[in-house]
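One structure below.
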Amino acid sequence: MKEVLSKLKHEALEQIKEIKTLINLEDIRVTYLSKKGHISLMMGKLRELPNEERPSFGQMVNSVKQEVELAIYNKKQMLEEKALLETLKNEHIDPTLDGYLYYQGSTHPLNQVIQDVEDLFVGMGYTVEEGPELENDLYNFEMMNLDKDHPARDMQDTFFIDDTMLLRTHTSPVQARTMLKMKGKPLSIICPGKVYRRDDDDPTHSHQFMQIEGLVIDTNITFAHLKDALLTMCQHLFGHDREIRLRPSYFPFTEPSVEVDVSYIKKDGTKGYIEILGAGLVHPNVLKMGGYDPKVYKGYAFGIGVERIAILKYKIDDIRHFYMNDIRFLNQFKGVDKS
Ligand code: PHE
1 MKEVLSKLKH EALEQIKEIK TLINLEDIRV TYLSKKGHIS LMMGKLRELP NEERPSFGQM
61 VNSVKQEVEL AIYNKKQMLE EKALLETLKN EHIDPTLDGY LYYQGSTHPL NQVIQDVEDL
121 FVGMGYTVEE GPELENDLYN FEMMNLDKDH PARDMQDTFF IDDTMLLRTH TSPVQARTML
181 KMKGKPLSII CPGKVYRRDD DDPTHSHQFM QIEGLVIDTN ITFAHLKDAL LTMCQHLFGH
241 DREIRLRPSY FPFTEPSVEV DVSYIKKDGT KGYIEILGAG LVHPNVLKMG GYDPKVYKGY
301 AFGIGVERIA ILKYKIDDIR HFYMNDIRFL NQFKGVDKS
């Protein structure tokens with residue numbers, strides 16, 4: 001039996017020596033060492049031996065196994081190294097060749113503006129709230145103090161899906177939803193998002209655009225707080241030398257309401273103003289419907305068009321550029337991206 005085993009060993013070692021490829025080496029491993037391999041099967045022969053010979057034969061089988069395993073391991077290393085050297089010899093790497101230029105996208109200019117405004121307000125303790133674009137009339141209009149037959153609904157003509165559902169005309173419904181969620185507790189939020197109005201598209205009008213609205217409700221809010229928030233935002237967006245001008249205006253959800261203009265220097269060196277947003281103190285009815293007692297709580301709100309900011313900031317001549325997905329337009333905003 002021992003002779004058979006040592007014959008097997010020599011046979012295996014001989015074959016390993018001769019082998020030239022990794023695949024053949026694996027064949028040998030299977031032939032001798034797998035569960036049903038020649039050497040492994042020798043263990044089964046133990047039973048045929050007299051008791052006293054079994055331990056020494058068992059040890060012998062194990063040591064043969066180890067020897068063959070080691071031979072296979074060494075041969076494997078050798079073959080792998082040879083293969084590597086072969087590849088290195090045949091492959092020429094030219095380090096002077098240009099690399100591939102991978103196309104990398106960038107943040108859309110409108111999202112850059114939103115991120116910029118979010119950064120500013122989050123830094124001042126506001127949180128960012130979002131809501132659905134398909135809205136209920138209740139949140140979009142009624143809770144904003146615009147009853148079903150309120151004439152000011154004409155200012156925000158929109159797309160109705162059925163009698164109650166519509167594409168939101170502003171992000172104010174997010175304010176209504178948040179007021180209800182906060183259950184009468186003070187809040188400071190900004191609500192960025194896409195809004196829709198029925199409009200004929202041209203260089204300055206789009207039936208779809210982006211807004212950022214802000215709402216702050218607390219016990220001690222005055223008009224001065226609103227003015228400060230507006231000035232901070234305008235200077236952050238357009239430069240610290242800018243001034244703002246407030247003009248009386250009308251929104252059903254704020255009272256008093258203002259239109260906000262930001263200053264700029266005209267080509268002839270004189271100062272001009274350009275209208276950029278609407279704002280006001282939250283109307284008592286809106287507070288009441290949102291679950292706040294208007295005798296205790298006051299609030300301010302503002303709404304700004306994201307396209308309007310981007311158009312002014314980057315001197316864009318047609319609002320439709322934002323939605324056309326023209327790579328030549330979008331590529332111009334790569335460097336501007338701060339994110
Ligand atoms: N929701 C207004 C609009 O879209 C903007 C606005 C918000 C005005 C808050 C005043 C106060 O026209």
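With this note's numbering applied, the sequence shown corresponds to residues 1 to 339, in that order.
No residue lacks a Cβ here, since even glycine has one placed at the ideal position from N, Cα and C.
Exposure label - residue i; buried when at least 16 CB within 10 Å
{"i": "Pro151", "result": "exposed"}
{"i": "Phe160", "result": "exposed"}
{"i": "Gly105", "result": "exposed"}
{"i": "Glu243", "result": "exposed"}
{"i": "Ile28", "result": "buried"}
{"i": "His92", "result": "exposed"}
{"i": "Gly290", "result": "buried"}
{"i": "Lys298", "result": "buried"}
{"i": "Ile23", "result": "exposed"}
{"i": "Pro192", "result": "buried"}
{"i": "Ser206", "result": "buried"}
{"i": "His10", "result": "exposed"}
{"i": "Asp268", "result": "exposed"}
{"i": "Ile327", "result": "exposed"}
{"i": "Glu52", "result": "exposed"}
{"i": "Pro252", "result": "buried"}
{"i": "Thr254", "result": "buried"}
{"i": "Val122", "result": "exposed"}
{"i": "Ser339", "result": "With a pLDDT of 44 at Ser339, under the threshold of 50, the modelled position of this residue cannot be trusted; read the value that follows with caution. Its Cβ having fewer than 16 others within 10 Å, Ser339 is exposed."}
{"i": "Leu226", "result": "buried"}
{"i": "Met42", "result": "buried"}
CB contact flag (residue i, residue j, <7 Å)
{"i": "Asn285", "j": "Asn145", "result": "yes"}
{"i": "Val258", "j": "Ala279", "result": "yes"}
{"i": "Ala83", "j": "Ile16", "result": "no"}
{"i": "Phe238", "j": "Val262", "result": "yes"}
{"i": "Leu277", "j": "Ile304", "result": "yes"}
{"i": "Met165", "j": "Leu138", "result": "no"}
{"i": "Gly128", "j": "Glu142", "result": "Contrary to the premise, residue 128 reads as Val rather than Gly in this sequence. No."}
{"i": "Ile190", "j": "Tyr126", "result": "yes"}
{"i": "Ile39", "j": "Val4", "result": "no"}
{"i": "Thr158", "j": "Tyr196", "result": "yes"}
{"i": "Leu110", "j": "Phe322", "result": "yes"}
{"i": "Met233", "j": "Val306", "result": "no"}
{"i": "Gly131", "j": "Pro186", "result": "no"}
{"i": "Tyr300", "j": "Ile221", "result": "yes"}
Neighbour flag for residue i against chain C, beta carbons, 7 Å
{"i": "Glu11", "result": "Any reference to chain C falls outside this structure, which holds one protein chain only."}
Residues bridged to residue i (per DSSP)
{"i": "Gln208", "result": "Tyr196"}
{"i": "Ala71", "result": "In DSSP, Ala71 forms no bridge with anything."}
{"i": "Leu277", "result": "Val260 and Ile304"}
{"i": "Asp202", "result": "His205"}
{"i": "Lys271", "result": "Ile265"}
{"i": "Lys181", "result": "BP columns for Lys181 are empty, so no partner."}
{"i": "Glu135", "result": "Leu166"}
{"i": "Lys109", "result": "It is Pro, not Lys, that sits at residue 109 in the sequence shown. Answer is none; Pro109 lacks a bridge partner."}
{"i": "Lys298", "result": "Asp218"}
{"i": "Phe141", "result": "Note: Phe141 sits in no beta bridge, so no partner."}
{"i": "Thr254", "result": "Phe251 and Val282"}
{"i": "Leu246", "result": "Val260"}
{"i": "Ser188", "result": "Val216"}
{"i": "Val128", "result": "Ile190"}
CB-CB length for residue i against residue j, believed under 8 Å
{"i": "Asn140", "j": "Thr169", "result": "6 Å"}
{"i": "Val61", "j": "Leu33", "result": "With a Cβ gap of about 11 Å, Val61 and Leu33 do not count as contacting."}
{"i": "Leu25", "j": "Lys89", "result": "Leu25 to Lys89, Cβ: 22 Å. No contact."}
{"i": "Met1", "j": "Leu79", "result": "No, Met1 and Leu79 are not in contact; Cβ-Cβ is about 33 Å, not under 8 Å."}
{"i": "Lys194", "j": "Gln208", "result": "6 Å"}
{"i": "Leu120", "j": "His236", "result": "5 Å"}
{"i": "Ile309", "j": "Val113", "result": "5 Å"}
Which parts of the segment 210 to 242 are runs of the beta strand (DSSP E), unbroken and 3 residues or longer, counting only runs that do not cross its ends?
none
Unbroken alpha helix (DSSP H) runs of length 4 or more, entirely within the segment 22 to 51: which are they?
22 to 33 and 38 to 44
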